[in-house]
Amino acid sequence: MESLEQTAKLLQLIRERGFLPGDKLPSERDLAALFGMSRSAVREALIRLDTLRIIESRPKSGVYLRPFAAERSIEAMVLFTETDTPLSEDDVVQSVELRSVLESEAMRLACLRRTPADLERLNQILQDSAAAIARGETLADLDAEFHKAIVAATQNHVLLRFINVFYLISRKRREVYFQESRQSQRSHAQHLQLYRAIVEQDVEAGQRILRRHIKGVDAYFRMFFAEGHGAVPAPAPRAEGAQRAAPLARNGRVKPKGRRVAKAVA
6 MESLEQTAKL LQLIRERGFL PGDKLPSERD LAALFGMSRS AVREALIRLD
56 TLRIIESRPK SGVYLRPFAA ERSIEAMVLF TETDTPLSED DVVQSVELRS
106 VLESEAMRLA CLRRTPADLE RLNQILQDSA AAIARGETLA DLDAEFHKAI
156 VAATQNHVLL RFINVFYLIS RKRREVYFQE SRQSQRSHAQ HLQLYRAIVE
206 QDVEAGQRIL RRHIKGVDAY FRMFFAEGHG AVPAPAPRAE GAQRAAPLAR
256 NGRVKPKGRR VAKAVA
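Take 6 as the starting number for the sequence shown in my numbering and just add one per residue.
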């Protein structure tokens, strides 16, 4: 934990001082004095940033900031999330684009490979989501659980690892997105449709619904950045008041009524 905090301080320095790709960072000694840390602690943090390809050490020259986009590792994006360092607009938009590519294929595989246990897991998340909406709670976490459960239904564990990274780096964005209760209602309605497509093994419908689902999120954050907000803010406190839950069948399962859901999504 201490190492993570030290790394976070260095990232904060890079952001606040406005360092650009190719800029030389302060020396190890200067950084230690600046943060009141030992040189060994600073060295450890620099090694971590170097491993993640955020900085590079040049012999007999110093430490320099690498180009932001192409050369940084995907783990660096996770580190930014862990240390509350905002991702750039390009990182946000392109990660949503990557999600669309990966999850579209995941939907196809899930329709073909899902097991009874997978369907039970998805249905349970839908029930939990309906209950959360009824209590006026956010779906930020349950939304991620539902999408990860779809990917798990592909039986491709490497694909699941990639998707897990996306949901790690998008945690704060989901909290912001689901501040509005209507986003929870819309998302849940579309999740019901996705679930029905997987149950019926309807690949075409599943991929079509998923693309529309992700496109809505992409449009939300493109508009967010277009309005000049910059970094995604911390989520505001939830408003009081419960929302109506999705209907349940007599056996307690979610009833994904196609016609009614389609109306809710439109």
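Think of the CB as a built atom: it goes at the ideal place given N, C-alpha and C, for glycine as much as any other residue. Because the structure is a prediction, the values reported are computed rather than measured.
{"Item": "Span separating the alpha-carbon of A122 from that of L114", "Value": "15 Å"}
{"Item": "Run of the beta strand (DSSP E) containing R63, from where it starts to where it stops", "Value": "60-63"}
{"Item": "CB of L273 within 7 Å of CB of E108, strictly", "Value": "Because residue 273 is not part of the residues shown, which for the chain are 6 to 271, the question remains open."}
{"Item": "DSSP-derived helix/strand/coil call for G211", "Value": "helix"}
{"Item": "Assumed close pair S100, H196 - CB separation to whole angstroms, cut-off 8 Å", "Value": "At roughly 21 Å, the Cβ-Cβ gap does not stay under 8 Å, so S100 and H196 are not in contact."}
{"Item": "M42 classed as buried or exposed, judged by whether at least 16 other C-beta atoms fall within 10 angstroms", "Value": "buried"}
{"Item": "Closest by C-alpha distance to P72, when choosing among F183, S93, E209", "Value": "S93"}
{"Item": "Separation of R176 from A46, as counted between CA atoms", "Value": "29 Å"}
{"Item": "Within 7 Å, strictly: CB atoms of L165 and A157", "Value": "yes"}
{"Item": "Given R58 as reference, the closest of Y69, E110, Y200, R48 once Cα atoms are compared", "Value": "Y69"}
{"Item": "Three-way DSSP call (helix, strand, coil) for L70 in this model", "Value": "strand"}
{"Item": "Extent of the continuous alpha helix (DSSP H) to which L117 belongs", "Value": "94-118"}
{"Item": "A244 versus R179: straight-line alpha-carbon distance, rounded", "Value": "Any reading at A244 needs caution, since the residue's pLDDT is 41, under 50, leaving its predicted position unreliable; the model's value is listed next. If I take the Cα positions, the gap works out to 16 Å."}
{"Item": "F151 classed as buried or exposed, judged by whether at least 16 other C-beta atoms fall within 10 angstroms", "Value": "buried"}
{"Item": "C-beta contact flag for A283 and A194 at 7 Å", "Value": "Given that the chain is displayed from residue 6 to residue 271, the structure contains no residue 283 and the question cannot be resolved."}
{"Item": "Counterpart residues of K14 in DSSP-defined beta bridges", "Value": "In DSSP, K14 forms no bridge with anything."}
{"Item": "Which residues DSSP lists as bridging K29, in chain order", "Value": "Y69"}
{"Item": "Pick from L25, V98, L84, Q206 that is closest to L173, judged by C-alpha positions", "Value": "L84"}
{"Item": "Proximity winner among V97, V204, R187, R191, relative to R126 (alpha-carbon distances)", "Value": "V204"}
{"Item": "Closest by C-alpha distance to D146, when choosing among T159, V208, L131", "Value": "L131"}
{"Item": "Whole-number beta carbon distance between L54 and L25, since they are thought to touch under 8 Å", "Value": "Rounded, the Cβ-Cβ distance is 16 Å, inconsistent with contact."}
{"Item": "R118 vs T56 beta-carbon contact at 7 Å", "Value": "no"}
{"Item": "Contact set for D95: own chain, Cβ-Cβ below 6 Å, skip 5 residues either direction", "Value": "none"}
{"Item": "Beta-carbon proximity of S189 to L144, cut-off 7 Å", "Value": "yes"}
{"Item": "C-alpha gap between A239 and Y182, whole angstroms", "Value": "Note that A239 scores 42 on pLDDT, short of 50, meaning its location in the model is unreliable and no value can be drawn from it."}
{"Item": "Three-way DSSP call (helix, strand, coil) for E205 in this model", "Value": "coil"}
{"Item": "8 Å CB neighbourhood of I168 in its chain, flanking five on each side removed", "Value": "R104, L107, E108, A111, H152, K153, V156"}
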